[in-house]
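Here is the structure we will look at, set down as structure tokens.
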Amino acid sequence: SFPQLSKRTHVLWAASKDFGASGFRMGVLHTKNEEIKAVFRNLGVYVAVPNPVQRGLQHIFEDLDFMQYFVQESSKRLAQRHQLVATLLEQ
13 SFPQLSKRTH
23 VLWAASKDFG
33 ASGFRMGVLH
43 TKNEEIKAVF
53 RNLGVYVAVP
63 NPVQRGLQHI
73 FEDLDFMQYF
83 VQESSKRLAQ
93 RHQLVATLLE
103 Q
């Protein structure tokens with residue numbers, strides 16, 4: 013365990029990156045750092061996710077068949093790209 017790292021480790025996720033949907037401007041921050049939480053809590057007043065985007069993502073996340081397919085397909089494609097880049101770097 014590294015207790016000193018818990019306040020310096022942050023996880024960011026953006027729907028637009030995973031789904032290739034640049035108009036879906038929604039992300040998530042997970043952190044145990046209270047100072048960073050406070051900053052982002054204050055920003056939330058000015059950069060709230062629009063309701064149509066929230067509803068669109070809700071429908072995507074609730075479609076479990078699509079999500080399962082999407083995760084499997086994305087994993088397969090990522091592995092293929094990794095292999096391609098690794099092969100090119102070896103040359």
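First residue of the sequence shown: 13, per my numbering; consecutive thereafter.
Don't be surprised by glycine CBs; every beta carbon is placed ideally from N, CA and C.
Where does residue i sit, in a helix, a strand or coil, going by DSSP?
{"i": "G39", "result": "strand"}
{"i": "V65", "result": "helix"}
{"i": "A26", "result": "strand"}
{"i": "S141", "result": "This structure does not reach residue 141, given that the chain is present from 13 up to 103, and the question cannot be answered."}
{"i": "R53", "result": "helix"}
{"i": "D75", "result": "coil"}
{"i": "V97", "result": "helix"}
{"i": "Q103", "result": "coil"}
{"i": "F14", "result": "coil"}
Report all residues from its chain with a CB closer than 8 Å to the CB of residue i; omit the five preceding and five following residues, and keep chain order.
{"i": "F78", "result": "I72"}
{"i": "A33", "result": "A27"}
{"i": "L61", "result": "For the record, residue 61 in the displayed sequence is Val; it is not Leu. The residues are R37, M38."}
{"i": "R93", "result": "none"}
Can you have a look at residue i and say buried or exposed, based on whether 16 or more other CB atoms are within 10 angstroms of its CB?
{"i": "A27", "result": "buried"}
{"i": "F36", "result": "buried"}
Who are the Cβ neighbours of residue i in its own chain at under 7 Å, not counting the five residues just before and after it?
{"i": "G68", "result": "F36"}
{"i": "F52", "result": "L41"}
Going by beta-carbon coordinates alone, are residue i and residue j separated by less than 9 Å?
{"i": "K44", "j": "T21", "result": "yes"}
{"i": "D30", "j": "S86", "result": "yes"}
{"i": "M38", "j": "Q66", "result": "yes"}
Sort the options by Cα distance to residue i and report the nearest one.
{"i": "L41", "options": "K19, L24, Q16, P64", "result": "L24"}
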